[in-house]
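To start, the structure under review is shown below, and the notes come after it.
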Amino acid sequence: MISMQVRAKKQTFNSFDDLLLNSDKPLLVDFYATWCGPCQLMVPILNEVSETLRDKIAVVKIDTEKYPSLANKYQVEALPTFILFKDGKLWDRFEGALQANQLVERIETSLQAKQ
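For the sequence shown, UniProt numbering assigns the number 1 to the initial residue and increments by one for each residue that follows.
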């Protein structure tokens with residue numbers, strides 16, 4: 001099961017593919033691990049980004065320790081890695097810890113540039 005955070009509401013899906021195909025918004029997926037310091041620093045930043053862009057994207061967190069097959073499938077080699085999916089397809093990716101304003105700007109630029 002994969003948990004999805006949207007305005008403090010959790011949803012579960014049977015598979016990641018199900019989540020991608022049934023999302024009505026682009027998804028920002030945070031691939032993280034509990035032992036990763038920079039990943040922990042991103043928690044309040046992701047909450048801020050999720051709130052700022054709540055009408056444009058949904059934010060999903062995936063623990064790479066629990067779902068190593070997804071980390072392998074999307075070639076996650078550094079943590080945190082953020083992958084933006086749109087219409088069920090990989091749209092863009094960002095690696096490393098970022099400030100909220102940097103992440104918002106990169107997401108908005110990516111969504112606008114490729115429309």
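The beta carbon of each residue, even a glycine, is placed where N, CA and C say it ideally should be.
Here the structure is a predicted model, which is why all the values come from computation and not from measurement.
- Under DSSP, the beta-bridge partners assigned to residue 95 are 81.
- In this structure, the alpha-carbon of residue 81 lies about 22 Å from that of residue 55.
- In this structure, 50 is the residue among 112, 50 and 37 with its C-alpha nearest to the C-alpha of residue 101.
- Per DSSP, the continuous alpha helix (DSSP H) segment holding residue 104 begins and ends at 100-113.
- Taking 8 Å as the upper bound for CB-CB distance, residue 44 and residue 79 are not in contact here, some 17 Å apart.
- Secondary structure at residue 53: coil, using DSSP grouped into helix, strand and coil.
- A Cβ-Cβ separation of about 5 Å places residue 28 in contact with residue 59 under the 8 Å criterion.
- Here residue 19 is buried: its Cβ has 16 or more other Cβ atoms, across all protein chains shown, within 10 Å.
- With fewer than 16 neighbouring CB atoms inside 10 Å of its own CB, residue 17 falls in the exposed class.
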